[in-house]
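Residue numbers (our numbering), protein chains in the order written: chain A, 1 to 366; chain B, 1001 to 1514; chain C, 2001 to 2069; chain D, 3001 to 3385.
What follows is the structure in structure tokens.
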């Protein structure tokens, strides 16, 4: 089979949309109130070493995905255990993202439509995309990102009259602790979630690409997220943490003249695209993982079944939106910590050792 | 199927019985008349030379296929009047006629039956001579052809006003006149088991990609069809993504457009009998390009092009967006607009979704009727359709006025780019269904699905969406806008990869700037 | 509801399993079958109104007990 | 090829859904009963009376927009709103509502009971204008016929929007009310509406403001005071300054139109933790109406006038602050919030006792009035003897 390949530009676009997907609408965290933007910056910096680590692992084994690396580094048995762990994580993450989207649509737009239907439509589209492969997802990201940028900047410009900059003050009014907590929250959602992409970025062009992609993508997405958080703060004040979907509410405040108002639907365009890319990536990675686990030739034959399972799982995972919000901000950071930090750390160390030893071995043999 | 088989059998039996000519003139004439029995357009004119009565000749041709004036003056008259007695040997009469008597640019002695058949059927004349088992094939193609006129399918205000005709040779001439270069190659082949239609693959050596060429020849070889009546047959037989509503093979009626595409490294396929010349590979962006773009001021041209692409976007999306907003997201509407739409919908029995479906259908019906009808009736259909029906439908409160406006708007927008017409109609319906299910989110998902589909489509290995996402030198300059000529120094990447340089940068720019 | 589910799954069966069968990819076919069976059981249970326990709450409890929040 | 199959498959599923279950949120516009405005009153037995102004459209060639009123009781606001279905037959549509009028009585009791549903529901929009009725019931205000528009609520919303060239009432959108309610060191003022007789009929007039202590109404400010409060809060964008120019010896009042105003509040914390506020008001005005014979083209005269005006304004503002401090004792100016923004440490210490401290916090007002023009005339109109 032809090797699938995505360009660095496409990968960067992909990672940006991956980040801004659900964090755009859910907001980065709820604890630090009007200092949430500082938390965002903090989260970004906290994530930086992790991202370096992910990129390093990927660049040690070019053209290999996360799952191939596990087997290479740990051998069959332990490798399979790791594969299983990350299948679970990406599967779960995908389900959560789909659920976020379902709750969003159900709450703000279509309360009477069953949440299952809205999620089904998203899942079907994701299945289509994943079956088309990473190349198509990458190209869609690259073609959609300019539109999203356009929407975001236009909406920000239009919301300038509604901004009250004194809402930012006092900076660090409640001390540093909530901000650090918020930073941790922002670290785990969305920045370190990009650990999932290690399963998808098997097709980057060069050895240097993972660094470039992770770095540039994270910086751009981070800046965007911080700007959006700031925007929500200066429009809504401290109450913005009370909303489930602060960005949406903030944009709904915009009214220019009599005609340009109630434009919050444009924001949901951004959200829908983001969620689509994010859950597609999760679906892709978990299907690839399962394919690797059972030594299938191609992951495409199981995409539909995995997608359907993901849909059912996301349907049963929460009972209500209250539960979702609590989970997303309180439990999730702790739950995701092993997947985002501990396991990658183990893999990283093992991989380094393995590569060094291999090199030595090669030198000796020569 | 049965008919085809019989014909083939017939051909075979002919070849087996007497596959060559004999020396008797009468027998030969009879032989031909037997082959074309019951075909009274076959004319066999017998005559002999004034001075040499042994030189009995006969010309065989199909009535209407030949240029009779040419035949009379350049073939029959010289043979009749020339003194064949002088210094001519009867043994070599055929060669003498070929070389000294007949005034024709293309003449050939032959005794190959297949060759004879194909030439007489394409309008050449067969000259039979008493005592020879060979004949002369004299080029005399003629008969009625259409004049070169401005094509209806792509009119321009500025630019060359000639279009292809049904004659393949004329078409090739038109292309050849645009590109005076020895690297312009024409490769002929015949397709169609019954019709033996001539087609010509036309490309510029050194520009066209060999992989695409090979792929094209492979696909053409695979065609086994009894008839090719128009290039549309071939278009559908060689295309990628056969189920897609999008065209993956381009076509044009304009020699200048085809020449421009050849110069970008594409390959053209000219089909005899069709004024539409095909080009491969074809990408989506070409649907928004019109040849006039390249002759007008680039700012104006860019504006037109943006208009076209936005127009297609609106044509596909507008009904769906309207439906979504009016039936799902009423909060999006400004209050006065909401009130006016409400007032226009008072007393209308059909739901908005249904009335939109119906009106789109009606618009297409009117369009179809007006296209097929003769012009005066077509105009009447238009007037009845648009004015009377539209007005009356609103008056009678069957459909609300905004729906009519939306339909008309989307209907006009879709005509901005005629090549995408089919896909726009299909896509519009698909979006409408999606929007009626899930509102604006349905529309967005429909868009994503369409995009995924477009991303998957390739035309001869070239991604269909090529260039639509890039704004850089090679690909993006000629997509959403038409960059000024002095800045388009490179051909589009991938298609024109073999020789990227279109113009030497400095000279081009310098001359413009200076 | 269950009728819809059955229709959907039979469509899936036609579009999904037959190509695999024709291509003789037995491994893929088996895996798909098993996954399909799982998902079918799930949706059937859901459509009959059986509540399927979510792993979210146990995870939450475990984490809260560890970090004692 | 494959993708087409799945396209067909998914479409078939969609179509099945379409035909079998219908579309859930699909609703035609004419089936909506669009609510333009709502008035909330207190009924008997702790019940709420909700009156909605619903737009009625008669279609046809000359469509006409009128409104009708639905009044209904309920145990809670939402209950009352839903009960209206039993009356109207249609579900009310709240996304285009422009004003919410709350009666005095309810505001005195607790505003939260009113605004929570409105803010929580996803169909209602929280950028609706909030008004407090000075009349006995809010219903009465809502049910008056509008003067210029077809629909009373829309006229009220327009009035509020054009308030910027009057500056005699604040503008408060619902989410702003909640924001200020939650914020520390500031309380709400909400525009007040009352009825005024005009040509044999009563019309609603928006003037003055209602002062809240947390979510409870504690009193009203008249239009003059409201303007002064707005000056302090830096919310003046237009309006008039009217005064007598005593220094130049004019008897008739002189009107000046405000073009631009900038107010700065600076909290000053001294060593011994005493908190003072410096308020700097900088206004740009234009003379628009003079009766009298003074030439203002003269620089000296002009300066005198502007100084006098500044002094007047200062007096007014100081008086207003005093009055608010003594009469209401709540921080409608947002001094506390300002202190919190600039000096969160000090604020933390005083936050709990801010209301008491506010009553005798000292304020230093400095005003500046710049006169930039005098309309189209450069000289006063003279009577020819």
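For every residue, glycine included, the Cβ atom is placed at its ideal position computed from N, Cα and C.
- According to DSSP, residue pairing for residue 3364 (chain D) in a beta bridge involves D:3278.
- Listed along the chain, the chain A residues whose CB falls inside 9 Å of the CB of residue 1334 (chain B) are 258, 259, 260, 261, 262.
- With 16 or more other Cβ atoms inside 10 Å of its own Cβ, residue 3157 (chain D) counts as buried.
- Following the DSSP letters along the chain, one finds residue 3056 (chain D) inside the beta strand (DSSP E) bounded by residues 3048–3058.
- Nearest Cα to residue 2027 (chain C) within the set A:106, A:282, A:293: A:293.
- Annotation for residue 1060 (chain B): the continuous beta strand (DSSP E) segment containing it runs 1056–1062.
- Counting only the Cα atoms, residue 1435 (chain B) lies some 18 Å from residue 1405 (chain B).
- With a threshold of 16 other beta carbon atoms within 10 Å, residue 2010 (chain C) falls short and is exposed.
- Per the coordinates, the alpha-carbon of residue 1360 (chain B) lies some 50 Å from the alpha-carbon of residue 1039 (chain B).
- Within the region 2015–2036 of chain C, those residues whose Cβ lies closer than 7 Å to any Cβ of chain A are, in chain order, 2016, 2020, 2025, 2027, 2028, 2031, 2032, 2035, 2036.
- Ranking A:310, A:127, A:289 by CA distance to the CA of residue 80 (chain A) puts A:289 first.
- In this structure, DSSP gives residue 3284 (chain D) an extended state, which the three-state scheme calls strand.
- For residue 3374 (chain D), the three-state secondary structure derived from DSSP is strand.
- Pairing residue 1051 (chain B) with residue 1059 (chain B), the inter-Cα distance amounts to about 19 Å.
- Chain order gives the chain D residues near residue 1326 (chain B) as 3028, 3029, where near means a beta carbon separation below 9 Å.
- Taken through DSSP and simplified to helix, strand or coil, residue 1167 (chain B) comes out as coil.
- Scanning its chain for C-beta atoms nearer than 6 Å, with the 5 sequence neighbours on each side dropped, one finds around residue 1184 (chain B) the residues 1204, in chain order.
- Against residue 3025 (chain D), the close residues of chain B are 1328, 1439, in the order they occur along the chain (beta-carbon pairs closer than 8 Å).
- With fewer than 16 neighbouring CB atoms inside 10 Å of its own CB, residue 1069 (chain B) falls in the exposed class.
- Its chain contains 1078, 1079, 1082 as the residues whose beta carbon lies nearer than 7 Å to that of residue 1101 (chain B), once the 5 sequence neighbours on both sides are disregarded; these appear in chain order.
- Shown here for residue 2002 (chain C): same chain residues with a beta carbon closer than 8 Å to its own, the five before and five after excluded, namely 2044, 2047, 2048 in chain order.
- The shortest CA-to-CA distance from residue 1108 (chain B) to any of B:1122, B:1465, B:1134 is the one to B:1134.
- With 16 or more neighbouring CB atoms inside 10 Å of its own CB, residue 3065 (chain D) falls in the buried class.
- A distance of 8 Å or more separates the beta carbons of residue 3054 (chain D) and residue 3040 (chain D).
- By the neighbour-count criterion, in which 16 or more other beta carbons inside 10 Å mark a residue as buried, residue 2064 (chain C) falls on the exposed side.
- Rounded to the nearest angstrom, the gap between the Cα atoms of residue 1409 (chain B) and residue 1312 (chain B) is 11 Å.
- Within chain A, the residues whose beta carbon sits less than 7 Å from that of residue 3122 (chain D) are 107, 108, 111, listed in sequence order.
- A direct Cα-Cα distance of roughly 28 Å separates residue 179 (chain A) from residue 95 (chain A).
- In the DSSP annotation of this structure, the continuous segment of the alpha helix (DSSP H) that includes residue 2027 (chain C) starts and ends at 2026–2047.
- DSSP, read as helix, strand or coil, puts residue 3266 (chain D) in strand.
- With a threshold of 8 Å between beta carbons, residue 1331 (chain B) makes contact with chain A.
- Where residue 1235 (chain B) is concerned, the enclosing alpha helix (DSSP H) starts and stops at 1231–1238.
- Look at residue 3220 (chain D) here: in three-state DSSP terms it is strand.
- Sequence-ordered contacts of the region 220–241 of chain A with chain D read 236, 237, 238, 239 [C-beta pairs closer than 9 Å].
- Taking 8 Å as the threshold, the shortest C-beta distance from residue 1499 (chain B) to chain A does not fall below it.
- For residue 1345 (chain B), the nearest CB of chain D lies under 8 Å from its own CB, placing it at the interface with that chain.
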